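Here numbering that gives the first Met the number 0 is used: the first residue of the sequence shown is 0, the next is one more, and so on.
Here a beta-carbon is modelled for each residue, glycine too, at the ideal position from N, C-alpha and C.
Quick caveat, the model's predicted, so the values are computed rather than measured.
The structure appears below as structure tokens.
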Amino acid sequence: MSDQPSPEHRRPAGVTDATVEAVGKLSAALDHVEDARGHLYAFHRLMGSAESTFEEAEELVREAGHTDIADAMDRDVLGQNPLPGMWSFQMVEAFDDGFYARTKGLHQRALDELMEGQRHVFEAEMKELRRTRGREGHEARPADVEGHPEYDD
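Structure follows, in structure tokens:
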């Protein structure tokens, strides 16, 4: 057990504190984009469920004899684009192929060019500053946890 971060989380030689901090902030920004993407996918799933439920409601409203309301649902709600020209799957595709792809690519470029591909160096160094060596639950890496064969070196 080395009691150090894994090699893939160590600062490359010659990389400054300012660069580690800057790339750490870029990674944090990408984390927010990932969260936003998750919400977009949740929106997509919810809109699909809403469409199906509106279909069921339209049938029930029609069967209950309220054809004017059912006709309005059929005309004004079912099949409608939530945003101009787009159903939610198209929103997901536009986001994934546009902004998301650009931010992921820029982040990877920064890792490759500035950090020799090393990820989470900022976080690994923060962990080193905050953990207590030798204290249970403060291990440097999973391989240092005793009693968990799946983590053993």
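Whether residue i touches residue j by CB criterion (8 Å)
i: GLU50; j: ASP73; result: no
i: HIS43; j: VAL91; result: yes
i: ALA123; j: HIS31; result: no
i: LEU29; j: THR102; result: yes
i: SER87; j: GLY47; result: yes
i: ALA139; j: PRO6; result: no
i: ALA100; j: LEU25; result: no
i: ARG10; j: VAL22; result: no
i: GLU143; j: ASP2; result: Note on identity: in this sequence residue 143 is Asp, with Glu being the wrong assignment. Against a cut-off of 8 Å, the Cβ pair of ASP2 and ASP143 comes out as a contact.
Candidates the options: closest to residue i by CA position
i: THR15; options: GLU115, GLY136 and GLU138; result: GLU115
i: PHE53; options: GLY78, LEU105 and VAL19; result: GLY78
i: GLU135; options: GLU127, ARG129, GLU145 and LEU128; result: GLU145
i: ALA12; options: LEU113, HIS106 and MET85; result: LEU113
i: LEU45; options: PRO81, ARG61 and HIS106; result: PRO81
Boundaries (first-last residue) of the alpha helix (DSSP H) holding residue i
i: VAL22; result: 16-62
i: MET85; result: Per DSSP, MET85 belongs to no alpha helix (DSSP H) and is neither H nor E.
i: PHE121; result: 120-129
i: ARG134; result: No alpha helix (DSSP H) holds ARG134; DSSP gives it neither H nor E.
i: GLU112; result: 100-114
i: ALA69; result: 66-75
| message | Across the region 60-71 and the region 115-127, are there enough close Cβ pairs to call them in contact, namely three or more that are closer than 8 Å? | response | no
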